[in-house]
Amino acid sequence: MSRFQNRVVFVTGAASGIGRSTCLRLGSESAQIYGADVDAAGLEETAGLVRQAGGTMEAATCNVTSRAACFDAIAACVAKFGKLDVLANVAGVVRFSHATETSEDEWNLMLAVNLSGPFFLSQAAIPHLIESKGNIVNIASNAGLMGQAYTVGYCASKAGLINMSKALAMEFVKSDIRINCIAPSGTATSLVANVQFPSNPDGALMDRYRGFRPMSQPEDIANVIAFLASDEAKAVHGAVWEADQAVSAG
Ligand SMILES: NC(=O)c1ccc[n+]([C@@H]2O[C@H](COP(=O)([O-])OP(=O)(O)OC[C@H]3O[C@@H](n4cnc5c(N)ncnc54)[C@H](O)[C@@H]3O)[C@@H](O)[C@H]2O)c1
Numbered sequence: 036m037s038r039f040q041n042r043v044v045f046v047t048g049a050a051s052g053i054g055r056s057t058c059l060r061l062g063s064e065s066a067q068i069y070g071a072d073v074d075a076a077g078l079e080e081t082a083g084l085v086r087q088a089g090g091t092m093e094a095a096t097c098n099v100t101s102r103a104a105c106f107d108a109i110a111a112c113v114a115k116f117g118k119l120d121v122l123a124n125v126a127g128v129v130r131f132s133h134a135t136e137t138s139e140d141e142w143n144l145m146l147a148v149n150l151s152g153p154f155f156l157s158q159a160a161i162p163h164l165i166e167s168k169g170n171i172v173n174i175a176s177n178a179g180l181m182g183q184a185y186t187v188g189y190c191a192s193k194a195g196l197i198n199m200s201k202a203l204a205m206e207f208v209k210s211d212i213r214i215n216c217i218a219p220s221g222t223a224t225s226l227v228a229n230v231q232f233p234s235n236p237d238g239a240l241m242d243r244y245r246g247f248r249p250m251s252q253p254e255d256i257a258n259v260i261a262f263l264a265s266d267e268a269k270a271v272h273g274a275v276w277e278a279d280q281a282v283s284a285g
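Residue numbers (our numbering): 36 to 285.
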């Protein structure tokens with residue numbers, strides 16, 4: 036399969052987990068990838084893996100919480116590759132805490148990385164995507180579809196991302212661009228491995244969102260991103276796709 040021949044794809048969170056798998060998936064399908072992340076070493080590792088597999092990837096550090104940095108990064112991508120076909124907003128952070136103990140810094144960080152970053156990048160990317168008839172894929176979470184105890188800021192940021200996608204989908208419904216969201220459940224990445232749970236959590240509340248099936252692998256979610264970003268999904272615009280092993284279904 037080579038669904039991304041002559042396509043330029045901007046991927047955030049490219050240094051790790053789902054973002055890295057997305058670079059590898061799309062790179063194996065001939066995409067020209069512009070990978071962005073705050074983790075310079077992880078980015079270089081991803082770029083090395085993509086190139087080793089025969090793909091093309093430019094790696095650039097970018098902190099998506101800065102609107103100026105987002106605009107600069109999109110401009111640098113277009114300057115490098117001449118256009119932009121896909122924006123994949125994958126970067127994200129999670130913090131767990133009791134709601135009443137969530138600090139201002141934790142709250143602001145989740146809102147800034149998970150919601151403001153994708154918005155700033157969308158603002159910068161949309162004029163280019165209108166030109167290329169391209170699309171945006173936002174990685175939300177099933178935490179944006181259901182209430183999950185001990186991570187209220189994450190839930191709020193991901194619910195915001197889902198409705199931001201729908202609002203943009205409607206505002207640009209008369210253009211040729213597509214804007215979609217994916218809502219994964221637990222996926223085996225460093226984000227999950229590094230989670231610090233709050234003291235004395237009520238396990239029964241957490242069982243509600245642990246689900247019954249094993250966690251997804253990052254490449255499983257990358258496959259869904261690849262499909263939605265490709266022309267195969269041309270009928271899909273303004274959608275939220277659960278990739279969550281039915282966690283939010285019950
Ligand atoms: N892993 C899961 O269980 C899971 C479930 C649902 C949704 N998600 C979402 O999937 C996305 C990818 O997560 P992952 O599991 O691959 O995690 P990960 O921690 O492996 O990767 C996240 C990447 O985002 C980058 N990042 C963090 N802050 C940034 C910033 N300010 N600017 C630029 N990059 C930044 C990190 O450096 C890291 O490389 C996130 O949006 C996450 O919320 C993950």
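From the three backbone atoms N, C-alpha and C, an ideal C-beta is built for every residue, glycine too.
For residue i, tell me which candidate among the options has the shortest Cα-Cα distance.
{"i": "N41", "options": "T96, A202 and F116", "result": "F116"}
{"i": "R302", "options": "V121, L146, G285 and Y69", "result": "What the structure shows of the chain is the stretch from 36 to 285, and residue 302 is not part of that stretch, so it cannot be assessed."}
{"i": "V125", "options": "S51, L119 and S220", "result": "S51"}
{"i": "M92", "options": "R130, A49 and F131", "result": "A49"}
{"i": "I68", "options": "L84, A76 and D266", "result": "L84"}
{"i": "S63", "options": "G221, G90, I174 and Q158", "result": "G90"}
{"i": "G246", "options": "A228, K193, N229 and A178", "result": "A178"}
{"i": "S251", "options": "R86, L226 and A71", "result": "L226"}
{"i": "K201", "options": "S65, P236 and R213", "result": "R213"}
{"i": "S37", "options": "N149, S157, F106 and A261", "result": "A261"}
{"i": "F61", "options": "A76, V44 and T224", "result": "Note that residue 61 is Leu in the sequence shown here, rather than Phe. For the residues A76, V44 and T224, the minimum Cα distance to L61 belongs to V44."}
{"i": "T135", "options": "S234, T222 and S151", "result": "S234"}
{"i": "V99", "options": "F232, S157, P162 and I217", "result": "S157"}
{"i": "F154", "options": "A175, K168, S167 and E141", "result": "A175"}
{"i": "V172", "options": "D107, A268, A103 and D74", "result": "A268"}
{"i": "D211", "options": "N149, L146, A108 and I161", "result": "I161"}
{"i": "A281", "options": "P249, A274, D266 and P253", "result": "P249"}
{"i": "A270", "options": "G152, F131, V208 and G182", "result": "V208"}
{"i": "G169", "options": "D237, D107 and V121", "result": "V121"}
{"i": "V129", "options": "C105, I109, S220 and L203", "result": "S220"}
Is residue i near ligand 1, with its Cβ less than 7 Å from a heavy atom?
{"i": "I53", "result": "yes"}
{"i": "A264", "result": "no"}
{"i": "A126", "result": "yes"}
{"i": "L226", "result": "yes"}
{"i": "N98", "result": "yes"}
{"i": "T186", "result": "no"}
{"i": "N149", "result": "yes"}
{"i": "P249", "result": "no"}
{"i": "S200", "result": "no"}
{"i": "G48", "result": "yes"}
{"i": "P219", "result": "yes"}
{"i": "P253", "result": "yes"}
{"i": "G152", "result": "yes"}
{"i": "T345", "result": "This structure does not reach residue 345, given that the chain is present from 36 up to 285, and the question cannot be answered."}
{"i": "G77", "result": "yes"}
{"i": "I174", "result": "yes"}
{"i": "D74", "result": "yes"}
{"i": "V129", "result": "yes"}
Which word fits residue i, buried or exposed, when buried means at least 16 other C-beta atoms lie within 10 angstroms of its C-beta?
{"i": "P205", "result": "Residue identity check: residue 205 is Met in the sequence provided, not Pro. When all chains shown are included, M205 counts as exposed."}
{"i": "H133", "result": "exposed"}
{"i": "L240", "result": "exposed"}
{"i": "G127", "result": "buried"}
{"i": "T57", "result": "buried"}
{"i": "A228", "result": "exposed"}
{"i": "V230", "result": "exposed"}
{"i": "R55", "result": "buried"}
{"i": "T47", "result": "buried"}
{"i": "N143", "result": "exposed"}
{"i": "Q87", "result": "exposed"}
{"i": "F232", "result": "exposed"}
{"i": "I165", "result": "exposed"}
{"i": "A257", "result": "buried"}
{"i": "G238", "result": "exposed"}
{"i": "G188", "result": "buried"}
Using the DSSP secondary-structure output, state which residues sit across from residue i in a beta bridge.
{"i": "C216", "result": "N173 and V275"}
{"i": "M92", "result": "I68"}
{"i": "T222", "result": "S251"}
{"i": "F45", "result": "Y69 and L122"}
Below 7 Å, is the gap between the Cβ of residue i and the nearest heavy atom of ligand 3?
{"i": "V227", "result": "As far as ligands go, the structure on display features ligand 1 and does not contain ligand 3."}
How about residue i: is its C-beta nearer than 8 Å to some C-beta of chain B?
{"i": "I165", "result": "No chain B is part of this structure, which consists of one protein chain only."}
Unbroken stretches of the beta strand (DSSP E), 3 residues or longer, contained in the region 120 to 162 = Listed in chain order, the complete beta strand (DSSP E) runs (minimum 3 residues) inside the region 120 to 162 are 121 to 124.
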